[in-house]
Every structure is written in C-alpha cells, then in structure tokens.
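For the working numbering, count along the sequence shown from 1 and bump the result up by 2.
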Amino acid sequence: MTMTFEQMQELIAQTLEITNRNSTAIAETREISAQNTKDIRETKAISNSNARAVEAMLQQMSMDREERNAVLEMIAKQQKQLDRHQRILKGLQTENRRILDLLINNQPEPDDDE
3 MTMTFEQMQE LIAQTLEITN RNSTAIAETR EISAQNTKDI RETKAISNSN
53 ARAVEAMLQQ MSMDREERNA VLEMIAKQQK QLDRHQRILK GLQTENRRIL
103 DLLINNQPEP DDDE
C-alpha cells in the first residue's frame with residue numbers, strides 16, 4: 003500500500019491532533035488527580051478531627067458515667083441511712099406510746115376526800 007505525500011501529511015496531522023488531545027487529557031487528568039489528592043488530604047484531616055472529637059466525647063461520657071455512678075452510690079447510701087433513721091424513729095414512737103400508756107394507765111386516782 004503506497005501513500006501519497008498528501009495522505010502522509012493528513013495522517014501526520016491526524017496523529018498530531020490525537021497527540022495534542024491526549025496531552026490535553028493527560029494535563030486535565032493530572033489536575034483532577036492533584037485536586038483529588040488535595041480533597042483526600044482535607045477529608046483525612048476532617049476524619050482525624052472527627053476521631054479526636056469522638057474520643058473526647060467518649061472520655062467525657064466515661065467521666066460522666068463515673069460521676070453518675072458515684073452519685074447513685076451516694077443516693078443509695080443516704081437512702082439506707084434514711085431507712086435506718088426511720089426505723090429508729092418508729093421504734094422511738096412505739097416506745098413513747100408505751101411509756102405514755104404506762105403513765106396514763108398507772109396514775110393514782112384522785113381522792114374523793116380532797
């Protein structure tokens with residue numbers, strides 16, 4: 003197959019056009035790649051920041067849980083003391099009633115003569 007000079011020029015022109023388009027596409031791909039790299043770094047920074055925030059929240063939740071448990075223990079302890087004091091008061095009330103009953107029922111009757 004023999005080509006004329008004009009056909010060769012046309013083929014070279016087409017090859018040059020394809021080469022130029024490929025060069026442009028490669029440049030655009032590099033720009034996209036650079037932007038993707040930048041976006042990935044930003045995403046990684048956000049991810050790291052979020053991880054630190056989550057870790058801080060978990061630590062705070064742990065401290066809050068410890069404080070809540072301490073408060074609940076204190077409440078339980080105070081409730082036991084309150085229950086004990088209520089039992090003591092009921093015992094004292096019962097004893098007071100018994101003493102009053104003895105005092106009221108064992109009073110000497112007033113003399114009719116006086």
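Where is the CB? At the ideal position from N, CA and C, for every residue including glycine.
On a predicted model such as this, the values are computed, not experimentally measured, just so you know.
Rounded straight-line distance, which links the Cα of residue j to that of residue i
i   : j    : result
I20 : Q61  : 60 Å
Q9  : N22  : 20 Å
K92 : R54  : 56 Å
T39 : T17  : 32 Å
M5  : S35  : 41 Å
A47 : V73  : 39 Å
N50 : Q37  : 20 Å
F7  : A15  : 12 Å
R43 : E57  : 21 Å
Q83 : E75  : 12 Å
D66 : D103 : 54 Å
Q88 : R99  : 16 Å
Same chain only: Cβ atoms within 8 Å of residue i, ignoring 5 sequence neighbours per side
i   : result
S64 : none
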